[in-house]
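According to full-length UniProt numbering, the sequence shown is numbered sequentially starting from 1. Here a beta-carbon is modelled for each residue, glycine too, at the ideal position from N, C-alpha and C.
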Amino acid sequence: MPPGPGIRRQAGPRPPAVPRWPHDRAHAPGRGVRCNRTPPGPGPSEAIALITLDLHPIFRNNRDIDLALRETLFRAARTGEDVIEIIPGKGTGQLKKRVLAFLAQKHIKKLYLRVETDATNTGRVLVRLK
């Protein structure tokens, strides 16, 4: 499944273009979400696959937040990524609480090993996948 609008992949082969939403794309989930796939580290022993999901553009739309999180998590699990970096931002912490509540769901917990919050940057959540 190709990434939604606003989701950019920096590395890897491009999947064939398939229409994802039969209705108006203005209402498609993930609209305005920036998601980058970071290339692996410098050496083969340090290589990890990392997907970054920035929630700043959609922080007001609860439906889009849930769909962007679900889409990114399932895609990362399917493609064998190691880590997802979710950026809810610092702010008041409401969006971060929403992200952590989403990740605490029973059926979502099956997809990852652990969730880490960065001690030096409180506006970032790392999800280590199985």
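So residue i and residue j are supposed to be a Cβ contact under 8 Å. How far apart are they, rounded?
i, j, result
"V99", "L69", "7 Å"
"V83", "V127", "7 Å"
Among the candidates the options, whose CA atom is the shortest distance from the CA of residue i?
i, options, result
"D118", "K90, F102 and N62", "K90"
"G123", "A104, K96 and Q105", "K96"
"E116", "L103, H107, I108 and K110", "L103"
"L113", "G80, K130 and Q94", "K130"
"K110", "L67, R63, F74 and N62", "F74"
"L67", "L53, G93, T79 and R78", "L53"
To the nearest angstrom, report how far apart residue i and residue j are at their CA atoms.
i, j, result
"N121", "E85", "12 Å"
"E71", "I65", "10 Å"
"residue 176", "P88", "The chain is shown only over 1 to 130; residue 176 falls outside these bounds and no answer can be derived."
"H107", "A76", "15 Å"
"A101", "T92", "16 Å"
"R63", "E81", "24 Å"
"Q94", "L55", "12 Å"
"R60", "T79", "29 Å"
- 4-residue-minimum alpha helix (DSSP H) runs that sit fully inside the UniProt domain "Smr" (53–130), ordered along the chain: 62–79, 94–103 and 106–109
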